[in-house]
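See below for the structure under consideration.
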Amino acid sequence: MRSLGFTLVELIVVMVVLGILAAVFIPRSGNDAIILSTQAEQFAADIRYAQSLAMTQGWSGVSARRYRINFTATTYNFTDVSGVAVPHPSGTTGSIAFTGGVSISPFPAPALPNNVVTFDGLGRPYTDASATTLLASTATISLARGSVTRAVQVSPETGMVRLP
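So the mapping is simple: our numbering equals the position in the sequence shown, first residue as 1, plus 196.
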């Protein structure tokens, strides 16, 4: 007698083959946007951290201390205005690297030709390391991974950092 259904063995073999294919192909597909979004959110939070340092520790009673975030196409770090390294919240004083193939593109960012954002005690952003040139227009730092991009914007005067 011939049955029109599948045997249990055939169903198990098909499920195993589908499981192997899923394990191989799912991790490789479509993660660009997720990885990029995570990196952009971390970068924006770290810019806010530099601003909050300047606003909370920016006045020593004698002179104003300004803090900055310096960046390359693939890394960034924190320093005060004199170039002394400032620890990242993770504890490192070295450069923090973008992971997963994320980079700033185009580099340098158009409104930040000196590859730095410096903040004063009022939280205002500057475009140079010595904090003498205020940011005149919104600075857009574009992060890219593959063909996907995500922007981090710093507003003039207020220093508001946002992800549009």
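Where is the CB? At the ideal position from N, CA and C, for every residue including glycine. All values reported here derive from a predicted model rather than from experimental measurement.
Please report the Cβ distance between residue i and residue j, rounded to the nearest whole angstrom; I am assuming they are in contact, meaning their Cβ atoms lie under 8 Å.
{"i": "R264", "j": "A325", "result": "6 Å"}
{"i": "A347", "j": "S333", "result": "Actually they are not in contact, since the Cβ atoms of A347 and S333 sit about 14 Å apart, beyond 8 Å."}
{"i": "V313", "j": "A246", "result": "7 Å"}
{"i": "I222", "j": "V350", "result": "Rounded, the Cβ-Cβ distance is 36 Å, inconsistent with contact."}
What do you reckon, are the CB atoms on residue i and residue j nearer than 8 Å?
{"i": "D316", "j": "R262", "result": "yes"}
{"i": "P352", "j": "L318", "result": "no"}
{"i": "R341", "j": "G297", "result": "yes"}
{"i": "N311", "j": "F267", "result": "yes"}
{"i": "A293", "j": "T271", "result": "yes"}
{"i": "I359", "j": "A218", "result": "This sequence places Leu at residue 359; Ile is not what is there. Against a cut-off of 8 Å, the Cβ pair of A218 and L359 comes out as no contact."}
Quick check on this structure: which residue in the options has the alpha carbon closest to the alpha carbon of residue i?
{"i": "P321", "options": "P285, A250, S301, T288", "result": "A250"}
{"i": "T295", "options": "T336, M356, E206, Q238", "result": "Q238"}
{"i": "G355", "options": "S291, S301, A240", "result": "A240"}
{"i": "A335", "options": "A305, T234, T328", "result": "A305"}
{"i": "A327", "options": "A236, A260, S299", "result": "A260"}
{"i": "S301", "options": "L204, T289, A269, I231", "result": "A269"}
{"i": "S186", "options": "G215, I231, V205", "result": "Since the first residue of the chain shown is 197 and the last is 360, residue 186 is not available in this structure."}
{"i": "V357", "options": "S248, L217, I222", "result": "S248"}
task = Answer yes if the region 278-292 comes into contact with the region 204-220, meaning at least three C-beta pairs across the two stretches below 8 Å, and no otherwise.
result = no
task = Quick one: which unbroken beta strand (DSSP E) runs of 3-plus residues sit fully inside the region 319-355? Chain order, please.
result = 335-341, 344-350
ask   = Enumerated in chain order, which unbroken segments of the alpha helix (DSSP H) with a length of 4 residues or greater are wholly contained in the region 276-303?
value = none
query = Which runs of the alpha helix (DSSP H) fall wholly inside the region 199-266 and span at least 4 residues, in chain order?
reply = 204-221, 228-253
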